[in-house]
Amino acid sequence: MAKQGSCLLILALLALTTAAAQETLRGVAPQGFLIGTAVAGGGHHGVRDPFRQDELYRQVLAAEFNSVTLENWLKWEEVHPVRGEFDFGPVDEVLAFAREHRQAVRGHTLVWHNQNPTWLTEGTFTPDELRTILREHIHTVVGRYRGQIDRWDVVNEVIDDGGELRDTIWLRHLGPGYIADAFRWAHEADPDAKLFLNDYNVEGINRKSDAYYELVQELLADGVPVHGFAAQGHLAIQYPFPGGVRENLQRFSDLGLATAFTEVSVRMVLPPDGVPTEAQLERQADFYRRLLQACLSVDSCREFTVWGFNDEHSWVMTFFPGQGAPSIMRGDYSRKPAYYALLSTLAEGRLTPQGAAGLPEPKPEPKSTGAVRGTPVIDGVKDPIWLTANEIETNTWFIGTEGATARVRTMWDDDRLYVWAHITDGHLSKVNANPWEQDSFEIFVDQNHARTDFYQPDDGQFRVNFDNEQSFRGNASSANFTAATRLVDGGYIVEAAITLDHIRPEAGLMLGFDVQVNDDNGAGFRTGKVTWHDPTGASWTSTANLGVLRLLP
Ligand code: XIL
Numbered sequence: 003m004a005k006q007g008s009c010l011l012i013l014a015l016l017a018l019t020t021a022a023a024q025e026t027l028r029g030v031a032p033q034g035f036l037i038g039t040a041v042a043g044g045g046h047h048g049v050r051d052p053f054r055q056d057e058l059y060r061q062v063l064a065a066e067f068n069s070v071t072l073e074n075w076l077k078w079e080e081v082h083p084v085r086g087e088f089d090f091g092p093v094d095e096v097l098a099f100a101r102e103h104r105q106a107v108r109g110h111t112l113v114w115h116n117q118n119p120t121w122l123t124e125g126t127f128t129p130d131e132l133r134t135i136l137r138e139h140i141h142t143v144v145g146r147y148r149g150q151i152d153r154w155d156v157v158n159e160v161i162d163d164g165g166e167l168r169d170t171i172w173l174r175h176l177g178p179g180y181i182a183d184a185f186r187w188a189h190e191a192d193p194d195a196k197l198f199l200n201d202y203n204v205e206g207i208n209r210k211s212d213a214y215y216e217l218v219q220e221l222l223a224d225g226v227p228v229h230g231f232a233a234q235g236h237l238a239i240q241y242p243f244p245g246g247v248r249e250n251l252q253r254f255s256d257l258g259l260a261t262a263f264t265e266v267s268v269r270m271v272l273p274p275d276g277v278p279t280e281a282q283l284e285r286q287a288d289f290y291r292r293l294l295q296a297c298l299s300v301d302s303c304r305e306f307t308v309w310g311f312n313d314e315h316s317w318v319m320t321f322f323p324g325q326g327a328p329s330i331m332r333g334d335y336s337r338k339p340a341y342y343a344l345l346s347t348l349a350e351g352r353l354t355p356q357g358a359a360g361l362p363e364p365k366p367e368p369k370s371t372g373a374v375r376g377t378p379v380i381d382g383v384k385d386p387i388w389l390t391a392n393e394i395e396t397n398t399w400f401i402g403t404e405g406a407t408a409r410v411r412t413m414w415d416d417d418r419l420y421v422w423a424h425i426t427d428g429h430l431s432k433v434n435a436n437p438w439e440q441d442s443f444e445i446f447v448d449q450n451h452a453r454t455d456f457y458q459p460d461d462g463q464f465r466v467n468f469d470n471e472q473s474f475r476g477n478a479s480s481a482n483f484t485a486a487t488r489l490v491d492g493g494y495i496v497e498a499a500i501t502l503d504h505i506r507p508e509a510g511l512m513l514g515f516d517v518q519v520n521d522d523n524g525a526g527f528r529t530g531k532v533t534w535h536d537p538t539g540a541s542w543t544s545t546a547n548l549g550v551l552r553l554l555p
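Dropping the structure here:
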């Protein structure tokens, strides 16, 4: 009896620990809320680059956060080291990682007084030249990541602690108008990105945040495209917690702006042995919790980003000698009380009843499937290799509720994506002149998986009717599409190959992907339109709602 009891107890404990192990910050966060982190690399990290060198770092990064900010790689000295020459390599690496793990990306930063290259700080330029340099920088960087970086810290730390515009190379040579210009240029380069002001010591209400409150109103009155105000959130437990944090977010929010915490760290003066006391860890957890609670209690605050998640890699020890341990995990990734404070606060969710008002309708998680690796012959005959492929079905109706449907399998190799579709259709027709109103099968591919509400150059719509007559939209043409069709009992087969001409396919990569069946049941026009995932009917013009296809090893 006793033995049985202890067995049960062990089972219960096991269940509990596995359940706990599955909980992550991003997993418990309210719908649409961004829980982010800076991705270490560049700056003080030097050659200690955990993003590239530490597999556990990458696992935790992917598992815990749904948003990332590059800690340094978009700063001028990293991305624009030589005049007119850009180094996008590390940025692209992080963006590929983010895409793979379905993480949003915050851009940091376009205008700052630190980490500027010497060609810029020591060069002699006329104001006009400097203006051109700044404009071109912003256009180049923001334009390149249009559709991939959805928020930008356009200007960083442009007001000093006294509440005056900070004395920087930009203010000295361009005058105060550079702030408005920077926002306008960023908006030109990506009209969909949310553009923020960002600073430290502006969490609560104080002279500096008052100055921002003034500045922002001027910008808005001038029609400048500024969309958000962000407080970095670098705090220290030897000081009081800032006063009026919620009220501060609320007043910017009342101006119609988004608000956010973008770089939260909570440092402390370390004891001689370097190990924080329990009391210190509790106070730190309390600071994290209160900042997050303030954010969750204001509608417009939908992002809480920490400036690194691992004590060992933090910027604090380099910049505040004697202080440290500012993160939510220790060097060995063990979770500190601050981590659990964020976890439970996120799980509690929005803190006011009106909190959900104004939030965009939560999107359903897209369906996903995996394409196996292999190369079939495109002839409409089912090579045995197709038997190893996963099958999906069209069952999301946009026109009609019944009619022709498809069972679809996918495969990939170094060059192409392959699709096998068995369409069940009792009555074949192509009498309508519009190809989309004929009995036909469509494939949508968003190669860079940017999920934009317009077609980017890599996005294509491939359509083929039961007679193998083809039609295309976007990045789709007979040059990158081969298909074979075959009539079978009660329907037809489509076997197709699409050249992946905008990406280098590799295992683990995710693409936006969907299929659609158009049905003319004899009426002479389209009576049925059914997709695998996209419920909006708009996949011919938007990739935002496609399903997800993962390339399996
Ligand atoms: C810091 C980085 O964390 C370091 O790696 C780098 O050496 C210096 O900059 N406010 C900001 C961030 O806006 O860009 C700073 O990041 C920290 C303070």
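So the sequence shown is residues 3 to 555, counted in the working numbering.
Quick reminder that beta carbons are idealized off the backbone N, C-alpha and C, glycines included.
Since the structure is predicted, the reported quantities are computational estimates derived from the model, not experimental observations.
Excluding residues up to 5 positions away in sequence, Ala499, Ile500, Thr501, Leu502 lie with their Cβ nearer than 7 Å to the Cβ of Arg418 in the same chain.
Among the bridge pairs identified by DSSP, Trp399 is matched with Val532. Remark: the C-beta of Gln449 is outside contact range of the ligand XIL, defined as less than 7 Å to any heavy atom. Beyond the five residues adjoining it in sequence on each side, Asp455 comes within less than 6 Å, by CB distance, of Ser544, Ala546 in the same chain, given in chain order. Arg54 has its alpha-carbon roughly 10 Å from the corresponding atom of Pro92. The three-state secondary structure of Lys210, taken from DSSP, is helix.
DSSP, reduced to helix, strand and coil, places Phe321 within a helical segment of the structure shown. In the three-state scheme derived from DSSP, where H, G and I count as helix and E and B as strand, Asn250 is classed as helix. His315 sits buried, since 16 or more C-beta atoms from the chains shown fall within 10 Å of its C-beta.
Counting only residues of its own chain and dropping the five nearest sequence neighbours on each side, Thr398 has a CB closer than 8 Å to the CB of Val532, Thr533, Trp534, His535, Asp536, Pro537. Collapsing the DSSP output to three states places Asp381 in coil. Taken through DSSP and simplified to helix, strand or coil, Asp521 comes out as strand.
Excluding sequence positions up to five before and after Gln234, its CB lies within less than 6 Å of the CB of Tyr202, Thr264, Glu265, all in the same chain and listed in chain order. Non-local beta-carbon contacts of Phe446 in its own chain, meaning distances under 6 Å to residues more than five positions away in sequence, involve Gln463, Asp516, Ser541, Leu548 in chain order. If you keep only unbroken beta strand (DSSP E) runs of at least 3 residues inside the segment 28-66, you get 36-41. Pairing Val277 with Ala100, the inter-Cα distance amounts to about 33 Å.
Here Asn392 has Thr371, Gly372 as same chain residues with Cβ atoms under 6 Å from its own Cβ, once five neighbours each way along the sequence are excluded. Rounded to the nearest whole angstrom, the CA to CA distance from Val84 to Ile135 is 12 Å. Cys303 is bridged by DSSP to Thr261.
Not one heavy atom of the ligand XIL sits closer than 7 Å to the Cβ of Trp78.
By the C-beta density criterion, Phe289 is buried, having at least 16 other C-beta atoms within 10 angstroms.
With a threshold of 7 Å, the Cβ atom of Tyr202 counts as near the ligand XIL, since some heavy atom of the ligand is closer than that.
Scanning Asp491, Tyr241, Ile495, Gly476 for the CA closest to the CA of Ala485 turns up Ile495. Taking a contact to require three or more Cβ pairs closer than 8 Å, the segment 379-391 and the segment 329-349 do not qualify as touching.
In the DSSP assignment, Phe185 falls within the alpha helix (DSSP H) that extends over 180-191. Gln234 has its CB nearer than 7 Å to a heavy atom of the ligand XIL. Taking 8 Å as the upper bound for CB-CB distance, Ala238 and Arg269 are in contact here, some 5 Å apart.
Distance from the Cα of His424 is smallest, within the candidate group Arg409, Lys432, Pro437, for Arg409. Between Leu298 and Gly258, the C-beta gap is not smaller than 8 Å, which leaves the two residues out of contact. Excluding sequence positions up to five before and after Leu167, its CB lies within less than 7 Å of the CB of Val160, Ile161, Leu173, Pro178, all in the same chain and listed in chain order. C-alpha of Asp427 to C-alpha of Asp521: approximately 8 Å in a straight line. In the three-state DSSP reduction, Ala478 falls in the coil class, being neither helix nor strand. Take the alpha-carbon of Gln252 and the one of Leu197: they are about 18 Å apart. Counting along the chain, Ser329 sits inside no beta strand (DSSP E), nor does DSSP assign it H or E at all. Ser329 counts as buried, since at least 16 other C-beta atoms from the protein chains shown sit within 10 angstroms of its C-beta. For the pair Asp469 and Arg137, the Cα-to-Cα distance works out to about 52 Å.
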